[in-house]
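Q:
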Amino acid sequence: GYANPDQVGGGLLMRLYSRAFIVADPVDSRRVVFVSADIGMVSQRVRLEVLEKLKSKYGNLYRQDNVILSGTHTHSGPGGYFQYTLFWITSKGLIRPSLNAIVNGIVKSIDIAHQNMKTGRLFINRGTVENSQINRSPFSYLENPASERSRYSSNTDKEMVILKMVDRHGEELGLISWFAVHPVSMNNTNHLVNSDNMGYASYLFEQEKNKGMLPGEGSFVAAFASSNLGDVSPNTKGPFCVNTGESCNNPQSTCPVGGATMCMAMGPGSDMFDSTRIIGQNIYMKARELYEKASQEVKGPLSSAHQWVNMSDVSVELNATHTVKTCKPALGYSFAAGTIDGVGAFNFTQGSVEGDPFWDGIRDQLLGEPSNETKACHKPKPILFSTGEMTRPRPWHPDIVDVQMAAIGSLAIVAVPGEFTTMSGRRLREAVKREFDSHGTARMDVVIAGLCNVYTHYITTYEEYQAQRYEAASTIYGPHTLSAYIQLYRGLAKAIATNTVQDLPRGPEPPLFNVGNLTLVPALAADRAPANKTFGDVLEEVRQQYRAREVAEVTFVGANPRSSAENATEHNFLTVERYNRTSDSWHVVRNDASWDTRFYWTKGLFGRSNVTIEWYIPPGTESGVYRIRYLGHYKKKLSITHSVSIPFEGTSSAFEITTL
């Protein structure tokens with residue numbers, strides 16, 4: 002997410018889920034699969050491995066064309082699941098356990114959906130979400146033609162589109178929402194795994210529909226999927242200098258003292274947890290309202306189209322006389338500046354259209370100088386990393402990219418491989434809609450699903466590209482990237498509308514590099530407990546009594562959570578339990594996916610570690626006797642080559658919650 006090497010995992014706030022939906026035509030074998038996964042983005046590696054597994058299980062039922070994998074874009078999930086070198090730098094390589102967990106989780110969610118197919122109906126609705134986003138590059142947006150901007154009331158897309166699913170008896174099954182906002186309410190100082198504002202919206206919706214169930218249980222599934230969120234931030238208070246408190250809403254996002262590194266945007270809450278809650282709740286409330294009122298039924302055939310394209314070499318016809326080309330991938334100077342949601346390093350600023358001899362010199366020595374052809378192709382972007390010309394130890398960026406579209410009746414889902422800005426998304430949707438119209442398929446609802454299939458950073462408009470803020474510097478295939486995608490997606494829309502999908506060329510297949518577990522993350526060492534203690538022993542006990550709105554906290558002798566995660570896919574690290582006098586038993590009321598529990602892991606020396614569990618007791622909690630349990634695994638070495646993970650648990654003393 003933030004590509005910040007200091008931001009490493011230190012615990013768990015909420016679970017990351019894969020949510021899968023399958024729509025099938027009862028008459029023929031046509032199907033469309035849409036997956037929204039609580040990860041930063043779907044990587045090419047993840048997609049290729051998921052499709053390989055699906056093929057071995059289901060033959061030709063689930064394929065490149067009819068399976069869409071979309072990331073929610075949370076910035077508080079794991080890294081290490083990419084095969085291209087650039088992404089290895091900040092996530093310390095390719096981390097096989099992370100990749101496996103993501104691939105297996107996505108496949109498992111598709112398996113569960115496959116086993117639970119029911120005859121049903123789909124309804125679509127759309128509405129406006131207020132107070133939940135700002136444009137974080139408003140000066141770039143202003144580069145777009147005034148005549149185009151005047152057609153829109155805002156510099157962000159405030160529209161949410163929802164798809165409601167019910168079975169033939171009207172029993173509620175699930176919902177998919179598409180809405181454009183970055184899940185960066187949790188900032189880059191956070192070390193707890195969580196799914197941010199979008200995940201919190203899913204959590205609220207699923208908790209409401211799966212009454213009495215713990216998070217992750219129950220049959221109703223609510224996905225809050227990403228869209229054209231490229232320049233859209235949830236940090237609605239806007240950018241301020243953290244050292245002086247003054248606004249830094251200027252074209253370079255810099256502060257008078259401290260420069261760009263001091264310019265940060267703030268969310269509406271008292272801290273990042275509160276901002277996540279507020280934005281997530283806004284999104285949930287609108288989705289709930291649209292869901293309850295949805296009456297427009299989605300009918301019609303299912304179809305899907307997919308192509309692989311070499312994005313570093315697409316010729317785009319702008320008009321009858323002008324043909325332009327995309328470029329080999331490269332990142333500009335402003336990429337290193339970061340954004341007001343997560344600032345960069347050193348003295349880089351947004352809006353750089355000039356290079357710097359100092360950094361150019363270092364780059365040329367370490368990584369090689371960009372070719373004149375690449376420099377000219379990317380103008381006015383000053384190139385920081387010429388990733389398309391860097392191939393050691395593996396290529397640094399993809400050339401082969403997926404373009405994909407699925408039509409579910411009157412709904413066209415445009416699966417895009419990156420982050421389209423507000424205006425880029427508007428142009429793409431409009432072009433696709435026009436293409437459908439021109440082939441007699443009128444009144445299509447077009448939604449953009451973001452962060453799909455392979456990650457290619459950002460896609461700005463040609464005009465925004467000239468300003469070279471972060472999003473433009475990260476438009477890796479050059480100034481005509483958007484025009485190329487519009488041309489390609491129009492081709493897919495035409496094929497779907499004219500029923501000629503089978504005639505689309507497949508395109509060049511992407512590489513699957515032979516990369517094992519190539520990582521600088523140290524292997525798991527043996528866990529150790531302090532003298533005269535054992536794993537799960539309580540080091541700091543809970544108090545005897547609490548009231549609502551207080552925090553119950555307990556610290557245990559812990560073990561590395563990776564020992565559990567790498568051994569058990571569905572390991573739950575904690576429970577909060579309430580004592581039932583009648584049955585003389587403990588009943589689980591919270592788990593590690595609950596919003597009001599936090600699990601912190603603190604690494605000590607020589608294999609020792611502590612685990613602290615906090616429960617933020619919500620208002621309205623039933624009075625009674627409670628306890629907190631910690632469930633873990635410790636790694637024990639049997640010999641130089643062999644080790645085992647041994648499960649253990651720890652339990653706090655019982656404590657009372659009073660309502661006085």
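Going by the numbering used here, the sequence shown opens with residue 2, and the numbers climb by one from there. Virtual Cβ for every residue (Gly too), placed ideally from N, Cα, C.
1) Are V317 and A485 touching if we call contact CB-CB under 7 Å?
2) My parser needs the alpha helix (DSSP H) runs of 4 or more residues fully inside the segment 527-596; what are they?
3) Rounded to whole angstroms, what's the CA-CA distance from E172 to L164? Just pull it up for me.
4) Is there contact here, the segment 342-362 with the segment 253-268, by at least three beta-carbon pairs under 8 Å?
5) On the DSSP bridge list, what partners appear for K636?
6) Is T499 near the ligand SAM, judged by its Cβ being under 6 Å from some heavy atom?
7) How would you call M312, buried or exposed, if buried means at least 16 neighbouring beta carbons within 10 angstroms?
8) Using the C-alpha atoms, what's the distance from K380 back to I363?
9) Check this for me: beta carbons of K210 and F221, under 7 Å apart or not?
10) How is R46 classed by DSSP in three states: helix, strand or coil?
11) Evaluate the contact criterion for the segment 419-439 versus the segment 511-528: three or more CB pairs, one atom per stretch, below 8 Å.
12) What residues in its chain sit with their C-beta under 8 Å from that of L174, if we drop five residues either side in the sequence?
13) Shortest alpha-carbon distance to S266 belongs to which of S640, H634, R152 and Q134?
14) If D342 sits next to S234, beta carbons under 8 Å apart, how far is it from one beta carbon to the other, in whole angstroms?
15) With three or more C-beta pairs closer than 8 Å as the rule, is the segment 28-36 touching the segment 357-375?
16) Give me the Cα-Cα distance between I280 and L143, rounded to the nearest whole angstrom.
17) In or out: T461 buried (at least 16 other Cβ within 10 Å) or exposed?
18) Where do the N-terminal and C-terminal ends of the alpha helix (DSSP H) with T603 fall, by residue?
19) Is there contact here, the segment 9-25 with the segment 188-201, by at least three beta-carbon pairs under 8 Å?
20) Does the structure place the segment 95-106 close enough to the segment 55-71 that three or more beta carbon pairs sit under 8 Å?
21) Quick check: the Cα distance between E160 and W309, rounded to an integer number of angstroms?
22) Given that a residue counts as buried once 16 or more other Cβ atoms are within 10 Å of its Cβ, and exposed if not, what is E567?
23) Given a cut-off of 7 Å, decide if T659 and R548 are closer than it, judged by their beta-carbon atoms.
24) For C378, which three-state DSSP category applies?
25) Check whether the Cβ atoms of L385 and G345 sit closer than 7 Å, and answer yes or no.
26) Tell me the rounded alpha-carbon separation between L70 and T324.
27) What would DSSP say about P358, mapped onto helix, strand or coil?
A: Put simply:
1) If you number the sequence shown from 1, residue 317 lands on position 316. If you number the sequence shown from 1, residue 485 lands on position 484. In this structure, A485 lies closer than 7 Å to V317 by Cβ.
2) 562-566
3) As a working note, residue 172 is residue 171 in the sequence shown. As a working note, residue 164 is residue 163 in the sequence shown. If you take the alpha carbons of E172 and L164, they lie about 15 Å apart.
4) Per the Cβ contact rule, the segment 342-362 is in contact with the segment 253-268 (3 or more Cβ pairs under 8 Å).
5) Taking the first residue of the sequence shown as 1, we reach residue 636 at position 635. BP columns for K636 point to S646.
6) For the ligand SAM, the structure offers nothing, since it holds no ligand at all.
7) What you label residue 312 is simply residue 311 of the sequence shown in a count that begins at 1. M312 comes out buried.
8) What you label residue 363 is simply residue 362 of the sequence shown in a count that begins at 1. What you label residue 380 is simply residue 379 of the sequence shown in a count that begins at 1. Looking at the two C-alpha atoms, the distance is approximately 21 Å.
9) Your numbering for residue 210 matches position 209 in the sequence shown. Your numbering for residue 221 matches position 220 in the sequence shown. Yes, these two residues count as a Cβ contact at 7 Å.
10) Taking the sequence shown and counting its residues from 1, the one referred to as residue 46 is at position 45. R46: helix per DSSP, three-state reduction.
11) no
12) Position 173 of the sequence shown holds residue 174. Counting only Cβ-Cβ distances below 8 Å, and skipping sequence neighbours, we find K119, G121, M166, V167, D168, S220, F221 and V222.
13) Start at 1 with the first residue of the sequence shown, and residue 266 comes out as number 265. Ser is not the amino acid found at residue 266; the sequence shown has Ala there. It is Q134 whose Cα lies nearest to the Cα of A266.
14) As a working note, residue 342 is residue 341 in the sequence shown. As a working note, residue 234 is residue 233 in the sequence shown. With 8 Å as the limit, D342 and S234 qualify as a contact, their Cβ atoms being about 5 Å apart.
15) no
16) For the purposes of this step, residue 280 is identified with residue 279 of the sequence shown, where counting begins at 1. For the purposes of this step, residue 143 is identified with residue 142 of the sequence shown, where counting begins at 1. I280 and L143: Cα-Cα distance of roughly 26 Å.
17) The residue labelled residue 461 in the question sits at position 460 within the sequence shown. So T461 counts as buried.
18) The residue labelled residue 603 in the question sits at position 602 within the sequence shown. Note, T603: premise wrong, no alpha helix (DSSP H); beta strand (DSSP E) at T598 to K604.
19) yes
20) no
21) Residue mapping note: residue 160 aligns to position 159 of the sequence shown, counting from 1. Residue mapping note: residue 309 aligns to position 308 of the sequence shown, counting from 1. Cα to Cα, the separation comes out at about 30 Å.
22) Counting from 1 along the sequence shown, the entry for residue 567 is found at position 566. So E567 counts as buried.
23) By one-based count along the sequence shown, residue 548 stands at place 547. By one-based count along the sequence shown, residue 659 stands at place 658. In contact: R548 and T659 (Cβ atoms closer than 7 Å).
24) Within the sequence shown, residue 378 is the residue found at index 377, counting from 1. C378 falls in the helix class under three-state DSSP.
25) As a working mapping, residue 385 is identified with position 384 in the sequence shown. As a working mapping, residue 345 is identified with position 344 in the sequence shown. Against a cut-off of 7 Å, the Cβ pair of G345 and L385 comes out as no contact.
26) In the sequence shown, the residue the question calls residue 70 occupies position 69. In the sequence shown, the residue the question calls residue 324 occupies position 323. Cα-Cα distance, rounded: 32 Å.
27) Locating residue 358 in the sequence shown gives position 357, where the first residue counts as 1. It is helical.
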